[in-house]
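Asker: Each protein sequence line maps, in turn, to chains A and B.
Under the working numbering, the first residue of the first sequence is numbered 66, with each subsequent residue one higher.
Under the working numbering, the first residue of the second sequence is numbered 66, with each subsequent residue one higher.
All C-beta atoms, glycine included, are put in the ideal place defined by N, C-alpha and C.
Below you will find the structure I want to go over with you.
There are 2 protein chains.
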Amino acid sequence: MTIADVARQAGVSIATVSRVLNTSGPVIPETQVRVRAAISQLGYSPQAAARNLASQCTHAIGLLLPVIGGDFFSLMLNGVEAEVNRSGYDLLIATFQPDRGPRIYSTPLGKHNTDGVIIFTDPLFDTTIHHFYEAQFPIVLLYQSAPEQLPIPSVTIENKDGSRKLIDHLIDVHGYRRIGFLRGPDRNEDSFWRERGYRESMELHGITINPQWIAEGAFTEDISYNAVMHWVKSGNLPEAIYAGSDEGAMGTYLALNQAGKRIPEDVAVVGFDDMSLARYLTPPLTTIKAPTEKVGRMAVRQLIRVIRTGSADPLSLLPTELVIRQSCGCK
Amino acid sequence: MTIADVARQAGVSIATVSRVLNTSGPVIPETQVRVRAAISQLGYSPQAAARNLASQCTHAIGLLLPVIGGDFFSLMLNGVEAEVNRSGYDLLIATFQPDRGPRIYSTPLGKHNTDGVIIFTDPLFDTTIHHFYEAQFPIVLLYQSAPEQLPIPSVTIENKDGSRKLIDHLIDVHGYRRIGFLRGPDRNEDSFWRERGYRESMELHGITINPQWIAEGAFTEDISYNAVMHWVKSGNLPEAIYAGSDEGAMGTYLALNQAGKRIPEDVAVVGFDDMSLARYLTPPLTTIKAPTEKVGRMAVRQLIRVIRTGSADPLSLLPTELVIRQSCGCK
DNA sequence: CTGAAAGCGCTTACAG
DNA sequence: CTGAAAGCGCTTACAG
Numbered sequence: 066m067t068i069a070d071v072a073r074q075a076g077v078s079i080a081t082v083s084r085v086l087n088t089s090g091p092v093i094p095e096t097q098v099r100v101r102a103a104i105s106q107l108g109y110s111p112q113a114a115a116r117n118l119a120s121q122c123t124h125a126i127g128l129l130l131p132v133i134g135g136d137f138f139s140l141m142l143n144g145v146e147a148e149v150n151r152s153g154y155d156l157l158i159a160t161f162q163p164d165r166g167p168r169i170y171s172t173p174l175g176k177h178n179t180d181g182v183i184i185f186t187d188p189l190f191d192t193t194i195h196h197f198y199e200a201q202f203p204i205v206l207l208y209q210s211a212p213e214q215l216p217i218p219s220v221t222i223e224n225k226d227g228s229r230k231l232i233d234h235l236i237d238v239h240g241y242r243r244i245g246f247l248r249g250p251d252r253n254e255d256s257f258w259r260e261r262g263y264r265e266s267m268e269l270h271g272i273t274i275n276p277q278w279i280a281e282g283a284f285t286e287d288i289s290y291n292a293v294m295h296w297v298k299s300g301n302l303p304e305a306i307y308a309g310s311d312e313g314a315m316g317t318y319l320a321l322n323q324a325g326k327r328i329p330e331d332v333a334v335v336g337f338d339d340m341s342l343a344r345y346l347t348p349p350l351t352t353i354k355a356p357t358e359k360v361g362r363m364a365v366r367q368l369i370r371v372i373r374t375g376s377a378d379p380l381s382l383l384p385t386e387l388v389i390r391q392s393c394g395c396k
Numbered sequence: 066m067t068i069a070d071v072a073r074q075a076g077v078s079i080a081t082v083s084r085v086l087n088t089s090g091p092v093i094p095e096t097q098v099r100v101r102a103a104i105s106q107l108g109y110s111p112q113a114a115a116r117n118l119a120s121q122c123t124h125a126i127g128l129l130l131p132v133i134g135g136d137f138f139s140l141m142l143n144g145v146e147a148e149v150n151r152s153g154y155d156l157l158i159a160t161f162q163p164d165r166g167p168r169i170y171s172t173p174l175g176k177h178n179t180d181g182v183i184i185f186t187d188p189l190f191d192t193t194i195h196h197f198y199e200a201q202f203p204i205v206l207l208y209q210s211a212p213e214q215l216p217i218p219s220v221t222i223e224n225k226d227g228s229r230k231l232i233d234h235l236i237d238v239h240g241y242r243r244i245g246f247l248r249g250p251d252r253n254e255d256s257f258w259r260e261r262g263y264r265e266s267m268e269l270h271g272i273t274i275n276p277q278w279i280a281e282g283a284f285t286e287d288i289s290y291n292a293v294m295h296w297v298k299s300g301n302l303p304e305a306i307y308a309g310s311d312e313g314a315m316g317t318y319l320a321l322n323q324a325g326k327r328i329p330e331d332v333a334v335v336g337f338d339d340m341s342l343a344r345y346l347t348p349p350l351t352t353i354k355a356p357t358e359k360v361g362r363m364a365v366r367q368l369i370r371v372i373r374t375g376s377a378d379p380l381s382l383l384p385t386e387l388v389i390r391q392s393c394g395c396k
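Next up, the structure:
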């Protein structure tokens, strides 16, 4: 079942079939109708491999991921998939496996099977990014900026602005001043900007930040738990804790509960992400809603622009939103 | 940069390069070394489209999904990706869009771009399954059995056995007898077998099930909430509620909290899935841990068997595990 | 508006 | 063990 069968059935050449398939050339309506009829009669569907080989592009977009889970991930994938599909591309997915030995394909995703890839991995993997960039292979970065100022489009969220809203709320509405912050992993850009937002808000309110108020939470439950426990034991628990992420907030809840501290009466807690879990915590978590699905969609749009035109917006910064629940002291 | 460049560099024919690339024919070690050297010097990576066209297979596996989120989804995808990658295939992902108009490709995933697909959608989409089956296109079903006894491999979990463990525990350890069950969506096979397990356990313990104890929860928070609220208002709240799923348990918690009922003192609650959220609920949820990632891996293994040999295990039933926390009354 | 033909970059019998 | 050549199923100038 090939294009030749369709051509025969319709009584035209394969070139004409190809033209109606791709609307890539003039075909009089009458002929078009015959061709379409033949296609649906035969249930014909063009072979991707042959199209790709002949047209010299794969009609596919890659998504390079770390092994992760949760809503965050699903939302982003949903966004990517929807947009890729809408654009008529295929979506290829691979996780980054830095420890695999030498293979025929340097990466599971590359020029050989995709027209471009969206990269969402730790900044440690700069070599991959370089490799792609040097090969002039279209890429878009997620939640991180390009290494060494390379002109690679990047899509992320307004971390700093989100932090500002959070801390402004804690100070303006609730009057807290001793506010702790749990940092994310080293070199993580989300963490960098969230800390910036925290510092800016504090400074603008004339609060001098005590270095003791900043601790390492790594955006994980375990490490955040330890950090808060350390505050508890050393006796300088802040009035409010900005846990850096919702995961961090979970660890914070655990530690405070264990220390017999009530949230928000003894210590207020706020997070970042708005995982679906946030509203089920006791008390429900005040946090920042990140537009994760939109990030996915935007990344695809930017990548397709790069594929088609050679460039796109250097930085897409998607807005975040304050979600007030009860852990900050409201209600 | 093609196989011809490599051949020139190594001073051999392209056939020989192809042979070392695919280990598809005898090549003396000496020649192999020269070819490998040429490949890595040039940084050559074969073009998928050309390979696929020439070899008449795509080296890709498809995963057809509904638009969903959460850990469940991520875990399964992680499993699928790991196994696909390990097997040297590419992974193509698409979500099912039943309402799209007529297009050139009847499905985003099919013979044209994959060697086979894993289908994870509502049973409503039997037509797609039929379509693939009739085209002799390799498929494996996830969490559902084949329509009309078609010999299509299916991978799912031990729902019935999981339910049995849960209800046995409620009865044997805690002595509950009036146990409610929140059904999942109609035609959902997980729900079907979970209900079977519930009924079996009850019967084996000599408990006659009051029809009032069974309500529709749809595995969702909202509907489960309503169902439990209805029990509360009508005054026949069971002693324990098996919410059918963890999502259902969340709705159940909400309803009970709102009705001023304590968990587990007034009403015990158990779920199914062991979402990451389960341990953070107050009280932590007793539930069944489903081997979601393994389901993903197994599906890939079965699909590859079908692709290679034409058949695989008709049914893979992966074991589930009881996770005891406090919502059942333990501790 | 339509067709004949070259070419995309591989794989794979077939010879030797 | 190796090579020359046909062929995979499309797209795309080029003619007409």
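For D187/A, go through chain B and note every residue whose CB falls closer than 8 Å to its CB, in chain order.
Answerer: Within chain B, no residue comes near D187/A; the closest Cβ sits about 17 Å away, beyond 8 Å.
Asker: Quick check on the DSSP output: what are the complete alpha helix (DSSP H) runs of length 4 or more inside the segment 310-360 of chain B, in order along the chain?
Answerer: List check, alpha helix (DSSP H) in window: 311-323.
Asker: Would you kindly work out how many angstroms separate the C-alpha atoms of V85/A and A103/A, rounded to a whole number?
Answerer: C-alpha separation (whole angstroms): 12 Å.
Asker: Which class does S266/A belong to by DSSP, given the choice of helix, strand or coil?
Answerer: Reduced to three states, the DSSP call for S266/A is helix.
Asker: Do Y307/B and V332/B count as a contact pair if the criterion is CB distance below 8 Å?
Answerer: No, the Cβ-Cβ distance between V332/B and Y307/B is not below 8 Å.
Asker: Report the residue from V71/B, P131/B, Q106/B and I279/B whose alpha carbon sits nearest the alpha carbon of S305/B.
Answerer: Sequence inspection shows Ala at residue 305/B; the Ser mentioned does not correspond to that position. Out of V71/B, P131/B, Q106/B and I279/B, I279/B has the C-alpha closest to the C-alpha of A305/B.
Asker: From R370/A, H239/A, I274/A and N291/A, pick the residue whose C-alpha is nearest to that of S392/A; which is it?
Answerer: Checking every option, the nearest Cα to that of S392/A belongs to H239/A.
Asker: Nearest-angstrom Cα distance between S89/B and T81/B?
Answerer: Cα to Cα, the separation comes out at about 10 Å.
Asker: What are the residues in the segment 314-325 of chain B lying within 7 Å of chain A by C-beta distance?
Answerer: Result list: M315.
Asker: Decide yes or no for the touch test of the segment 307-325 of chain A against the segment 286-299 of chain A: beta carbon pairs closer than 8 Å, at least 3 of them.
Answerer: The segment 307-325 of chain A is in contact with the segment 286-299 of chain A.
Asker: Once the 5 residues before and after G245/B are set aside, which same chain residues still bring their CB inside 6 Å of it?
Answerer: Closer than 6 Å at the Cβ level, and outside the excluded window around G245/B, lie W278, P303 and I306.
Asker: Counting only beta-carbon separations shorter than 8 Å, does K359/A have a partner in chain B?
Answerer: Output row for K359/A: interface = no.
Asker: Counting only runs of 4+ residues fully inside the segment 146-225 of chain A, write out the alpha helix (DSSP H) ranges in chain order.
Answerer: You should have 191-199.
Asker: Indicate whether I194/B and I183/B have their beta-carbon atoms separated by less than 8 Å.
Answerer: No, they are not a contact pair.
Asker: Is there a Cβ of chain A sitting closer than 8 Å to that of Q391/B, yes or no?
Answerer: Cβ-Cβ to chain A under 8 Å: no for Q391/B.
Asker: So V388/B is in the alpha helix (DSSP H); what residue range does that whole segment cover?
Answerer: Here V388/B belongs to no alpha helix (DSSP H); instead the beta strand (DSSP E) covers E386 to V388.
Asker: Between G144/B and T357/B, what straight-line distance do the alpha-carbon atoms span, to the nearest angstrom?
Answerer: Answer to the nearest angstrom: the Cα atoms are 8 Å apart.
Asker: Listed from N- to C-terminal order along the chain, which residues in the segment 354-386 of chain B have their beta-carbon within a distance smaller than 7 Å of any beta-carbon of chain A?
Answerer: If the cut-off is 7 Å between Cβ atoms, the segment 354-386 of chain B has nothing near chain A.
Asker: For A69/B, which residues of its own chain have a beta-carbon under 6 Å away from its beta-carbon, when the five flanking residues on both sides are left out?
Answerer: I79, listed in sequence order.
Asker: Of all the CB atoms in chain A, is at least one closer than 8 Å to the CB of I158/B?
Answerer: Taking Cβ atoms only, chain A reaches closer than 8 Å to I158/B, which makes this a yes.
Asker: Look up G127/A in the DSSP assignment and give the residues it is bridged to.
Answerer: Answer is L157/A and V182/A, bridged to G127/A.
Asker: Determine, for A69/B, whether the minimum Cβ-Cβ distance to residues of chain A falls below 8 Å.
Answerer: With 8 Å as the cut-off, A69/B does not count as an interface residue toward chain A.
Asker: For chain B, find out if any of its Cβ atoms is closer than 8 Å to the Cβ of Q201/A; answer yes or no.
Answerer: So no, Q201/A is outside the interface.
Asker: So, helix, strand or coil for G245/B, using DSSP?
Answerer: Looking at G245/B - three-state DSSP - the assignment turns out to be strand.
Asker: Beta strand (DSSP E) containing I279/B: first to last residue?
Answerer: I279/B -> beta strand (DSSP E) spans I279 to E281.
Asker: Residues in the same chain with beta-carbon distance under 6 Å from P384/B, minus the five sequence neighbours each way, listed in chain order, please.
Answerer: So the qualifying residues of the chain are E223.
Asker: Within 8 Å (strictly less), CB to CB, does H195/B reach chain A?
Answerer: Output row for H195/B: interface = no.
Asker: Using a Cβ-Cβ distance under 8 Å, would I79/B count as near chain A?
Answerer: Taking Cβ atoms only, chain A never reaches closer than 8 Å to I79/B, which makes this a no.
Asker: Anything in the segment 76-109 of chain B with a Cβ closer than 7 Å to a Cβ of chain A? List those residues in chain order, please.
Answerer: Within the segment 76-109 of chain B, the residues whose Cβ lies closer than 7 Å to some Cβ of chain A are L86, listed in chain order.
Asker: In chain A, which residues lie less than 7 Å from D180/B when you measure between Cβ atoms?
Answerer: Correct list: empty, because the minimum Cβ distance to chain A is about 11 Å.
Asker: Does the beta carbon of C395/A come closer than 8 Å to any beta carbon on chain B?
Answerer: Chain B, which has no Cβ nearer than 8 Å to the Cβ of C395/A, makes this no.
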